[in-house]
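Chains as they are written, first to last, in my numbering: chain A, 25 to 244; chain X, 17 to 398.
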């Protein structure tokens, strides 16, 4: 079993969607639990992809191919995982690119990394009005709201969404993460976000850390 | 006797010291000003004349003569025309479809026309690429008026003339295929990517040839762009660049070199340090915009490693310094970059890319004033 999980990992790292799909189906037939495939194969693979990206060994084509391979597996696993915050899910994330902004490749990679890391991800797409973020977060009782912007002229919408969360009285119930080319830690702190990461690998790691801390503080 | 603008530029691009560092503003579609920012600059100089946009989706404008003269800019720009047979077609509320059938739209309150529809996105075949209605490079609209404009500058002024050529293939194919599909092809379908690159560069090189046939003997500099860098590295590995991209760039550069002796100004955003040897080998004389805040693109490193073979055109940071620095900080930065890049020639002062809304006008003025103050040769190495 270990070896099929590490083969799945390797297929994702190699960006081979076909082999990833075949091995995932084989693993399931052999009785490997979907959550084990998610946590022990896919999550490890995306961690490694993130590491290689940060080290400058993987460039965007390699990252996208790995993300596509991972998505192939997670689409097989999704219906088999128990919904909600029980086994198989670190939490629920609502993600989207803010209003007025149509850029999404970075956001899509983050979404796939978060899925690989074990989150249930609801992707609202691009050009998402602030109220739509709020409504989805309330409707799904999401744990994390992740917002992306590529332009200095649209990143201000992130602050607007955080204000809407406060006005609706649900700011404390959710972790807010922000990212995108013009965003930095200083901006994230200024607008009252809980987290910022400069790249997709960092975003997945930070989301895991913040989600775990939240569970810990809820249990205390 | 003081040098003419042209003499100054030719000396410096030939890696000789002149009287001072040459200045650029507006000689290319990537070294100009965004239309909204330009209103402030116009107001500063008391100009009310209407604007001409010369790069549509970036919304970059042609500079008015009084501003260029006030700042003592050494270059003037000659653009290529546009297709008569495939003009831009309006789409939606504020959008258009261009000659490559790429659709863009500008959401209300936004600065640029964003890519919204790529004609070759999704599942396509090589046949789709072959059957695509590429714009005709021999369309007279592209070359109309170019020679007259060049002659007018040559006969009536002493500015160095920059002739804009079309982009070879990287950006064009990204827009046509869509960025995500393009990167996936480049990762895993080299046959398809290569076919698309070949078709695009055949088209752009043919257009470059037409433009150079009417103006290649008169221009001092020819400028074209293909973005190869992100903030933290090249868009693809250097090994993949050499295998899949460089042969197509060679086709384009070889056509340019066949039809003109002008200096070749190659624009690429981002961290391209790892590709500079390749670009020099292809024939680039100067690179622009020299994104000094990108990885491995620091000015002193670039001069030390490539300064004897490459000129640097740009270098004054637009991510932080120009929009957020004080005018004193801008002056210090100009002094620093000149100290790094200008000794021995080979440096043209300009901002890193088009000036965007939010840059204080006093910072733009300070940049060129500092260029005058610190850019007089001889300049000791910083």
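C-beta atoms are modelled at their ideal positions from N, C-alpha and C, and glycine is treated no differently.
Keep in mind the model is a prediction, meaning the values are calculated, not measured.
Item                                                                                                                              : Value
Alpha-carbon spacing of residue 297 of chain X relative to residue 269 of chain X, whole angstroms                                : 10 angstroms
Contact set between residue 38 of chain A and chain X, taken where Cβ atoms lie within less than 9 angstroms                      : Near residue 38 of chain A there are no residues of chain X at all, since even the closest Cβ is about 10 angstroms away, more than 9 angstroms.
Whole-angstrom distance between residue 137 of chain X and residue 194 of chain X, CA atom to CA atom                             : 5 angstroms
Straight-line gap, residue 108 of chain A to residue 178 of chain A (C-alpha atoms, nearest Å)                                    : Low confidence applies to residue 108 of chain A: its pLDDT is 45, below 50, so where it sits in the model is not reliable, and the reading given next is rough at best. Taking the straight line joining both Cα atoms gives about 32 angstroms.
Chain A contacts made by the segment 194 to 206 of chain X, where a contact means CB separation under 8 angstroms                 : 195, 196, 199, 200, 202, 203, 204
CB contact check: residue 129 of chain A to chain X, cutoff 9 angstroms                                                           : yes
Chain X residues whose Cβ lies nearer than 7 angstroms to that of residue 267 of chain A                                          : With chain A represented from 25 up to 244, any question about residue 267 of chain A goes unanswered, as that position is not in the structure.
Rounded C-alpha distance that separates residue 94 of chain A from residue 81 of chain A                                          : 19 angstroms
7 angstroms Cβ cut-off: residues of chain A touching residue 130 of chain X                                                       : 126
Any C-beta of chain X under 9 angstroms from that of residue 80 of chain A                                                        : yes
Amino acids of chain A, ordered along the chain, whose beta-carbon sits closer than 7 angstroms to that of residue 249 of chain X : 80, 83
Residues that DSSP places opposite residue 121 of chain A in a beta bridge                                                        : A/172
Residue 149 of chain X burial status per 10 Å Cβ neighbour count (16 or more: buried)                                             : exposed
Those residues which DSSP pairs with residue 367 of chain X across a bridge                                                       : X/332
Rounded distance between the beta-carbons of residue 88 of chain A and residue 251 of chain X, thought under 8 angstroms          : Between residue 88 of chain A and residue 251 of chain X the Cβ distance is about 11 angstroms, and since that is not below 8 angstroms, they are no contact.
Alpha carbon of residue 113 of chain A to alpha carbon of residue 131 of chain X, nearest angstrom                                : 35 angstroms
Spatial distance of residue 110 of chain A from residue 59 of chain A (CA atoms)                                                  : Here the model assigns residue 110 of chain A a pLDDT of 46, short of 50, so the residue's position is not dependable, and the following value carries that caveat. The alpha-carbon atoms of residue 110 of chain A and residue 59 of chain A are separated by roughly 11 angstroms.
Cutoff 9 angstroms: residue 351 of chain X Cβ touching any chain A Cβ                                                             : no
Proximity test, Cβ basis, 9 angstroms: residue 305 of chain X and chain C                                                         : Considering every chain present, this structure includes no chain C. Its protein chains are A and X.
Terminal residues of the alpha helix (DSSP H) in which residue 213 of chain X lies                                                : 206 to 231
Chain-ordered neighbours of residue 316 of chain X on chain A, where CB pairs are closer than 7 angstroms                         : Ordered by position in chain A, no residue passes the 7 angstroms Cβ test against residue 316 of chain X, which lies about 21 angstroms from the chain.
Backbone secondary structure at residue 71 of chain X - three-state DSSP                                                          : strand
Residue 177 of chain A at chain X interface by Cβ criterion, 9 angstroms                                                          : yes
Under 9 angstroms between C-beta atoms of residue 238 of chain X and residue 288 of chain X                                       : no
Option in A/157, A/168, A/154, A/150 with minimal Cα separation from residue 138 of chain A                                       : A/168
Residues that residue 144 of chain A bridges to, as DSSP identifies them                                                          : A/116
Residue 244 of chain X versus residue 290 of chain X: straight-line alpha-carbon distance, rounded                                : 10 angstroms
Straight-line gap, residue 224 of chain X to residue 39 of chain X (C-alpha atoms, nearest Å)                                     : 26 angstroms
Range of the contiguous alpha helix (DSSP H) that encloses residue 49 of chain A                                                  : 41 to 53
Beta-carbon gap between residue 381 of chain X and residue 179 of chain X smaller than 9 angstroms                                : no
Test: residue 244 of chain X CB closer than 9 angstroms to a CB of chain A                                                        : no
Residue 327 of chain X (DSSP reduced to helix, strand or coil)                                                                    : strand
Residue 102 of chain A versus residue 142 of chain A - alpha carbon distance                                                      : 10 angstroms
Proximity winner among X/41, X/214, X/126, relative to residue 75 of chain X (alpha-carbon distances)                             : X/126
contact_flag[the segment 227 to 240 of chain A, the segment 149 to 164 of chain A] where n(CB pairs < 8 angstroms) is 3 or more   : no
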